[in-house]
Every structure is written in C-alpha cells, then in structure tokens.
Amino acid sequence: MAVEYLRISLTDRCNLNCVYCTPLEKNGYLKHDDLLRHEEITRAAAAFVRAGVKKIRLTGGEPLLRKNVTELVRLVKAVPGLEELALTTNGLLLGGLAEELRAAGLDRVNVSVDTLNDETFKKITGASGYAKVWQGIEKALAAGFKKVKLNTVIMRGINDGEIADFARLTLAFPLDVRFIELYSTNTRSYKLSNTLFTTAETKKRITETLGPLAEVPADRGDGPARLYLLRGAKGKIGFISGRSDYFCGSCDRVRLDCTGKVYPCLFSPATHDLRGLLRAGAPDEALDDYIKKIFLVKSNYKKDSPTAGHIEMSSIGG
Ligand code: SAM
3 MAVEYLRISL TDRCNLNCVY CTPLEKNGYL KHDDLLRHEE ITRAAAAFVR
53 AGVKKIRLTG GEPLLRKNVT ELVRLVKAVP GLEELALTTN GLLLGGLAEE
103 LRAAGLDRVN VSVDTLNDET FKKITGASGY AKVWQGIEKA LAAGFKKVKL
153 NTVIMRGIND GEIADFARLT LAFPLDVRFI ELYSTNTRSY KLSNTLFTTA
203 ETKKRITETL GPLAEVPADR GDGPARLYLL RGAKGKIGFI SGRSDYFCGS
253 CDRVRLDCTG KVYPCLFSPA THDLRGLLRA GAPDEALDDY IKKIFLVKSN
303 YKKDSPTAGH IEMSSIGG
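Shown next as structure tokens:
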C-alpha cells in the first residue's frame, strides 16, 4: 500500500499523565536541541510530500505545548502538494487556540478524551481538566474545522460505563466518536492489559442501549477505523481495533518523532534518523532518496518483522 499519511510528533512533553501512557516522571524530557526545529519539520514534511504523502497529522506528546505551534501549522500547511493537515490533542489548550489554528490552515482536529466526568478524568489523566477539554471541543466545533473527532480508549472497570454516553454525542453534535482498543506498548499499558474492552463488546453496549449501527464506508482520513451511524446521527461512530483486528495490510502511514527518527511502523525499531541528514545540510535529492528507502522498508514490513518491543506513544507520537 502506498504511503500517503505522515504523523509528526512535535514534542515528548505532555500536560497530562494518562494511566496507559508515559509517566511525567520518566527520565526527564528531551533537550530543546534534540527536537527538530520548525524549519527542519517543514523541510522534512516537504520531502515526505514529494515522496507521495498527502496527509499530515501533528501529534505528540501534547502538540499544543509546542511553542508557536500556530506558526508551525502555517509553515507545514504551505508545503506544496499537501492535501490535508490535521492535529491530535488532549484538548486542554484547544479552547484558546482553535480559531487561530483554523485560520493558519489546520483542516481537522482529533481530541483524545476517555471520559465525560471530571472525577474519572482525574483518575485517568492525573489532572482535573475535563471542563477545559469540553470547552476546547466546543471551540473547535465553532471554528469551522472540516471535521472534529473524539478518540476514546475504553478500559474495563474504568470508563466502559460511559460507552453509550460517548455514542450519544454523535446524535447531539456533528462529532465523530472513535473507540480505540488499548494497546499494550509499555510498562504502564502492560499493567492494564486485563482492562482490554474489545470492539465487539463496545458495539454490543451501543446497540443494546441506542439501537442498530449501520456500517458506512470510511473516508481516506479514517485510517483503520470501521465506521457506523446511529439512526438520525450527525456524526459517525468508529472502531479502531488494534488488538482484535489485523490491519497492517491497509496501513498507509509512517511516523516522524520529535527528534527526527522515522518509524515505518509504530512497532519498528528507531533506525532511520532524518535529523542527521537535515543537520548535515543534505540536499533535497538526498532526503528524497532516504525517504524512498524507508517506504521500501515499510512495504516489506510484516507483522513478524523486528520490533522495538517497548514503545512510548508520547515520544513516537500516538
Ligand atoms: N497528547 C495528544 C493526545 O492526547 O491526543 C497526542 C498524543 S497521545 C499519545 C495520542 C493518542 O494515543 C491518544 O488518543 C491516546 O489515548 C492514545 N494512546 C496512548 N497510549 C495508548 C495505548 N497504550 N493504547 C491505545 N491508545 C493509546
């Protein structure tokens, strides 16, 4: 499958400390100089677009913690040939930035939120802030993005009681809600593997409470999600089933982490260092050749290829 989608992590920092992600107390954050600079990110983005990428998503860590993120959005959006620019955020800072991000050219926003209740929010993220996240979602809806999606990781005994409440949001708002199965990627998420709540179980909860789900075709921006509509809904319901489904064959994405490492697969070892080339002043042709080679690695990547074993979504970019 041709690679058309690049996810770029802007920072390893986050203002939340989610139970399944990297703890804040990890061995300190990366140094400023380790991170790709705005102009390096833009140059890398342009090279990926020349190689066939059509859509870029900015992520993290928490991408809205990146200094001058609006300016970066403007720079990346201006890359010739890029068709769509999206961003994934925890929503805490979105209220204050939604309008300027839209004005800078950001097309779509995904907000990660696992609960609609501040007590549970504290348990999952270690912080109080659900009201701010919801305000961010409202601001994003008002700012006129092409699409606003909510991403929700369902965990048994933690937030599975809220599945119907999340699904109901698609009846009230033009929001897509996507339920994501928890992946076991690092020490924290391994400890939670017994909380896995499968797509089949989530679907059952929704249909028992809110009626049938009609399957609808996915758009290009929907990635591996399978999509459905409740009767009369304004938004779609999606399921991303990394644990109970095998979707490597339909994966068209690569990742660039905040230090310039390229991952052909989320689980692949960090062996491709674009920052070295960028900082050595490599010409565009050298970047293009390097990226072509990485795409070739991806096309030969199989589920049983070498893996990094332990991965941190917060630095590679979830
Ligand atoms: N801070 C941004 C946010 O919250 O969307 C971007 C980074 S965050 C790592 C991206 C997404 O990865 C979030 O939706 C989060 O829930 C998801 N994520 C992180 N660890 C995960 C895991 N072990 N299983 C499933 N999803 C995970």
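In my numbering, the protein residues as written are 3 to 320. For glycine and all other residues, C-beta sits at the position ideal for the given N, C-alpha and C. Bear in mind that the values here come from a model prediction, so they are computed numbers and not experimental data.
_LYS141 - containing beta strand (DSSP E), residue span_ = For LYS141, no beta strand (DSSP E) segment is defined; the enclosing uninterrupted segment is the alpha helix (DSSP H) at 132–145.
*Could you tell me how far apart the beta carbons of ARG245 and TYR185 are, in whole angstroms, since I believe they sit closer than 8 Å?*
Taking a contact as a CB-CB distance under 8 Å, the pair ARG245 and TYR185 counts as one, their CB atoms being some 7 Å apart.
*What do you get for SER301, buried or exposed, if any count of 16 or more other CB atoms within 10 angstroms of its CB means buried?*
Answer is exposed; the Cβ neighbour count stays below 16.
*Measuring from the CB of CYS23, is there a heavy atom of ligand 1 at a distance below 8 Å?*
Indeed, a heavy atom of ligand 1 lies less than 8 Å from the Cβ.
*By a C-beta neighbour count over all protein chains shown, 10 Å radius and 16 as the cutoff for buried, is GLU64 buried or exposed?*
Per the 10 Å Cβ criterion, buried.
*asked:* Contact between the stretch 77–93 and the stretch 46–56 is defined here as three or more beta-carbon pairs at a separation below 8 Å; is this criterion met?
replied: The stretch 77–93, when compared against the stretch 46–56, does touch it at the 8 Å Cβ threshold.
*Output the boundary residues of the beta strand (DSSP E) element that contains ARG255.*
Counting along the chain, the unbroken beta strand (DSSP E) around ARG255 starts and ends at 255–258.
_Our contact map puts LYS149 next to ARG110 with C-beta atoms below 8 Å; I'd like the distance itself, whole angstroms only._
Right, the Cβ-Cβ distance comes to about 5 Å (below 8 Å), so this counts as a contact.
_Output needed for VAL218: all residues of its chain with C-beta closer than 7 Å, excluding positions within five of it in sequence on either side, in chain order._
Excluding sequence neighbours, VAL218 sits near LEU229, TYR230, LEU231, LYS238.
*Proximal residues to GLU210 (C-beta, below 6 Å), its chain only, five neighbours per side dropped*: Taking GLU210 as the centre and dropping the five residues before and after it, the same chain places no C-beta closer than 6 Å to its C-beta.
*VAL150 CB to nearest heavy atom of ligand 1 below 8 Å*: No.
*Between the CA atoms of ALA169 and VAL55 - distance to the nearest angstrom*: VAL55 and ALA169: Cα-Cα distance of roughly 32 Å.
*Would you list, in sequence order, the uninterrupted alpha helix (DSSP H) runs of no fewer than 4 residues that lie entirely inside the stretch 73–126?*
With a minimum length of 4 residues, the continuous alpha helix (DSSP H) runs that stay inside the stretch 73–126 are 96–105.
*Counting only the same chain and skipping the five closest in sequence on each side, list residues whose C-beta sits under 7 Å from that of GLU6.*
Closer than 7 Å at the Cβ level, and outside the excluded window around GLU6, lie GLY54, VAL55, LYS56, LYS57, ASP254.
*Give a yes or no on whether the minimum CB-CB distance between LEU74 and chain D is below 9 Å.*
The structure shown contains no chain D; it is built from a single protein chain.
_Using 8 Å for Cβ pairs, my map puts THR127 next to LEU18. What's the rounded Cβ distance?_
With 8 Å as the limit, THR127 and LEU18 qualify as a contact, their Cβ atoms being about 4 Å apart.
*Return the residue from the list CYS260, PRO271, ALA288, VAL264 that minimises the CA-CA distance to ARG39.*
Considering only alpha carbons, the answer is CYS260.
_Judging by CA-CA distance, which residue of ALA272, GLY163, ASN112, LEU173 is the nearest neighbour of ILE139?_
Checking every option, the nearest Cα to that of ILE139 belongs to ASN112.
*Hey, could you find the ends of the beta strand (DSSP E) ARG59 is sitting in?*
If you look at ARG59, you'll find it in the beta strand (DSSP E) that goes 57–61.
_Neighbour-count burial assignment, ARG257, 16 or more Cβ in a 10 Å radius_ = When all chains shown are included, ARG257 counts as buried.
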